[in-house]
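In this note's numbering, the protein residues as written are 1 to 484.
Glycine included, each C-beta is placed from N, C-alpha and C at the ideal position.
Please read all numbers here as calculations on a predicted model, not as lab measurements.
Comments concern the structure below.
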Amino acid sequence: MNCEQDCGQCEFNGTIPEVNETPEEEGGGESGNFTPGVGAQFPGQQPLGSGAGVGAVAFCKENWECGPWTPEICPVEQFQTRICTDLNNCNTRINKPETVQACIHIASCTDGLLNGEETDIDCGGPQCPACNDGQKCLVGSDCLSGVCDPSFLVCLPPSCFDGVKNDGEEGVDCGGPCPSCGKPVLVFPPEIQAPTLIELCGRSFPWIFALITAVLTTLIYLATKLYIKNLHQNNRRFQRLKRLDQMRRILSIQRRTFYAIASILFINLAVSIYIYYLGGCPQFRELFVWIIALSTAFFTLLFYILLRRLEFNEEKRLIHLKDMLAENEKELKRLYAVQQRQLLDLENIAEGNAEAFVRKYRSFENVMKLYSRIEPGLKAVGRLASLRGSGKSTDSLETQFNDMAKSLKDDEDYAEAIQEYRELKELVNLILRLSDHYDKRRQLFEQLDQNKELLQEVETDLNRAKKPEMEHKILKDGKTEDKL
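In structure tokens, the structure reads:
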């Protein structure tokens with residue numbers, strides 16, 4: 001609708017002259033173009049009044065006026081916008097100018113970003129103001145104090161030993177707040193300089209890491225205890241091993257568990273110290289990351305070497321075990337001898353009390369009836385006393401006596417019946433004491449047998465370990481293998 005051949009020559013005020021409709025058949029004309037009828041309108045057209053002629057149409061010409069691009073300086077987002085208004089209110093946007101344009105952000109010292117030649121945010125470099133203490137720098141001119149730490153590349157506060165004339169000094173590190181420049185003075189660095197790195201980075205102890213380590217080591221310890229318990233109760237292969245081989249297997253498991261827990265604790269210590277001192281400084285954390293790897297490997301290897309050096313070798317361990325078993329055998333024999341003497345005394349007392357009781361109550365039928373219940377046991381005590389020290393076995397007599405004593409202990413009616421006869425009650429109590437001593441004596445005897453068996457195994461292994469061409473090795477299933 002803007003072409004002159006379609007609408008005619010536009011007037012200067014944006015209108016066109018009257019256009020007369022030429023009736024044609026539908027689809028007529030050379031080109032078959034549609035010719036709008038009277039009163040037809042298009043977007044941006046306004047019908048004219050009656051004075052303009054029948055069928056006249058007014059076209060609105062957009063007249064755009066735009067404001068300045070904002071913000072004036074290209075922002076970090078790198079685009080600007082402006083507002084454009086059509087003064088003719090045509091309600092069309094055919095020729096509307098662009099309202100958004102791309103731009104290039106130019107770094108400045110006030111944009112709140114680390115860019116350009118800045119060494120820290122909006123400071124440092126040849127164009128921006130100098131940085132405050134603790135901010136990053138490359139050279140002394142980047143800092144207000146004029147002092148840049150060459151190791152950590154941070155601005156340091158002025159001092160009397162920084163090699164820079166600053167902070168009101170009359171000369172380099174002298175005059176003003178520092179010692180006089182007239183005489184050389186030995187100045188020691190203040191202690192406050194030592195924790196500079198800590199103050200800059202902050203401290204943050206890794207409690208989560210420590211908690212994970214504590215839980216992990218506890219689980220390893222409990223799992224080992226459960227595994228050893230399961231070996232004793234459910235592992236038939238382990239139960240078929242000799243007592244000494246069982247002890248070796250358990251000792252090997254405990255040693256490996258101890259080494260694993262200690263290694264985890266060493267690693268936790270190294271990582272915790274590293275995070276505590278350098279965790280808040282990304283620039284230093286990446287720079288010194290090799291420290292944690294090296295220290296972890298070094299301390300773990302050192303602990304393993306010390307553990308291997310301090311533990312007994314096979315021969316020393318067997319000698320130590322042999323000495324322990326020999327000492328234990330001596331102690332068991334001593335206790336066994338004491339037990340024998342006590343038994344002999346009690347047996348003699350029981351035999352004498354039984355004879356005295358019979359002499360006193362032989363005419364009392366009801367009392368002797370109660371006595372008949374314990375008489376076989378007392379006779380067995382007499383025979384045991386006569387056999388004591390002869391070297392003959394007394395196991396059958398002691399078993400018979402213990403069975404009788406157990407029946408007395410479980411018979412509540414008999415215990416109630418003897419309450420009015422003090423001598424009979426004392427005899428029963430004496431029988432129960434003797435039964436307890438016989439049980440303890442049997443336990444001591446069994447311990448002596450076990451100790452002798454272990455001692456024989458240790459002596460056999462010790463003889464093997466002394467041969468230089470033999471390598472004694474414990475297999476994973478607890479069995480031993482000798483390689484000649």
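Counting C-beta pairs closer than 8 Å gives fewer than three between the region 249-257 and the region 267-274, which falls short of the contact rule. Annotation: the continuous beta strand (DSSP E) that includes F79 extends over 79-81. By the neighbour-count definition (other C-beta atoms within 10 Å, threshold 16), V154 is a buried residue. For the 7 Å CB-CB criterion, F357 and G377 do not form a contact. For V215, the enclosing alpha helix (DSSP H) stretches over residues 207-234. Proximity of the region 204-218 to the region 412-424 falls short of the contact definition, fewer than three beta-carbon pairs being nearer than 8 Å.
Rounded to the nearest angstrom, the gap between the Cα atoms of L301 and S295 is 10 Å. With contacts defined by Cβ atoms closer than 7 Å, L432 and A405 form a contacting pair. If you compare the alpha carbons of Y438, D413, L427 with that of L397, the shortest gap goes to Y438. For Q400, the uninterrupted alpha helix (DSSP H) run begins and ends at 395-410, by DSSP. If you look at E365, you'll find it in the alpha helix (DSSP H) that goes 365-371.
By the neighbour-count definition (other C-beta atoms within 10 Å, threshold 16), C84 is an exposed residue. Here the alpha carbon of L454 sits roughly 15 Å from the alpha carbon of R240.
P157 sits close to D133, with the two beta carbons spaced by under 7 Å. Shown here for K96: same chain residues with a beta carbon closer than 8 Å to its own, the five before and five after excluded, namely E62, W64, C84, D86 in chain order.
Between L114 and L144, the alpha-carbon positions lie close to 18 Å from each other. Less than 7 Å separates the beta-carbon of E170 from that of C181. Here the alpha carbon of I319 sits roughly 15 Å from the alpha carbon of K452.
When DSSP reads this structure, G171 sits in a beta bridge with C174.
Judged by DSSP in its simplified three-state form, F288 adopts coil rather than helix or strand.
For the pair C60 and C90, the CB atoms are nearer than the 7 Å cut-off. Judged by their CB atoms, D120 and K136 are nearer to each other than the 7 Å cut-off. Straight-line spacing of the CA atoms in N166 and I261 works out to 54 Å. Contact annotation: L384 and T394 have beta-carbon atoms nearer than 7 Å. Proximity to L444 across D323, E457, L335, T224 peaks at L335, based on C-alpha coordinates.
Between F299 and F266, the C-beta spacing is below 7 Å.
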